[in-house]
Amino acid sequence: MGTIERYLLQDEMEPVSHYCHAVRSGDRVWISGTVGVLPDGSIPDNTSEQFQVAIDSLDRCLRAAGGRPEHIVKVTVLLTDIGDRAAINPIRQRYFGDHRPASTLYEVSALVTPEMKVEIEAEAVITD
């Protein structure tokens with residue numbers, strides 16, 4: 004088994020439990036669920052703004068582990084209202100471009116705090 008590297012980024016939201024933002028082992032990277040919390044701790048009201056904040060956070064975590072968007076092979080998105088799927092799709096399309104990952108989308112009854120509407124986690128394989 005290769006080395007396992009754990010990343011806890013100072014500029015990201017402090018974990019609400021016992022986990023780190025990203026883990027890398029060999030060419031594999033796992034990004035913990037990211038949410039739409041701004042650096043000042045505030046949470047935007049709408050889902051698309053929260054999703055943009057979450058995908059930006061995911062990107063910082065991925066890059067800290069040596070990856071880029073094209074390395075993401077799987078994403079899981081949690082929404083508190085499945086009807087918001089159309090609102091987040093343009094952001095997903097801009098971020099991933101032609102590098103479409105496998106994806107799963109779930110509607111959930113709640114996230115860590117009632118104001119949160121979206122969470123995204125990812126797995127990546129760094130091939131270069």
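The sequence shown begins at 4 in the numbering used here and counts up by one. Ideal placement from N, C-alpha and C gives every residue a C-beta, glycine not left out.
Can you grab the Cα-Cα spacing for the pair residue i / residue j, in whole Å?
i: Leu-82; j: Glu-124; result: 12 angstroms
i: Asp-30; j: Asp-48; result: 37 angstroms
i: Phe-99; j: Val-32; result: 17 angstroms
i: Thr-50; j: Arg-27; result: 29 angstroms
i: Pro-117; j: Ile-7; result: 34 angstroms
i: Ala-67; j: His-24; result: 10 angstroms
i: Tyr-109; j: Phe-54; result: 14 angstroms
i: Gly-44; j: Asp-14; result: 12 angstroms
i: Pro-72; j: Ile-94; result: 13 angstroms
i: Leu-12; j: Thr-130; result: 23 angstroms
i: Val-111; j: Tyr-10; result: 27 angstroms
i: Leu-114; j: Thr-107; result: 17 angstroms
i: Arg-97; j: Ala-90; result: 13 angstroms
Have a look at the DSSP bridge pairing and note the partners of residue i.
i: Ala-125; result: Ile-34 and Val-78
i: Ile-7; result: Ser-28
i: Leu-108; result: Val-80
Would residue i be called buried (16 or more neighbouring beta carbons within 10 Å of its own) or exposed?
i: Glu-122; result: buried
i: Ile-75; result: buried
i: Gly-3; result: In the structure displayed, the chain extends from 4 to 131; residue 3 sits before or after that span and is not available.
i: Ile-85; result: exposed
i: Tyr-22; result: exposed
i: Ala-57; result: buried
i: Val-128; result: exposed
i: Val-80; result: buried
i: Asp-87; result: buried
Step through the CB atoms of chain D and report whether any lies within less than 8 angstroms of the CB of residue i.
i: Leu-11; result: The structure shown contains no chain D; it is built from a single protein chain.
Output needed for residue i: all residues of its chain with C-beta closer than 6 angstroms, excluding positions within five of it in sequence on either side, in chain order.
i: Lys-120; result: Thr-50, Gln-53 and Thr-83
i: Lys-77; result: Pro-104, Ala-105 and Glu-126
i: Gly-5; result: Ser-28 and Gly-29
**Message:** Below 8 angstroms, how does it come out for the region 25-39 and the region 56-64: are there three or more Cβ pairs, yes or no?
**Reply:** With contact defined as three or more Cβ pairs closer than 8 angstroms, the region 25-39 and the region 56-64 are in contact.
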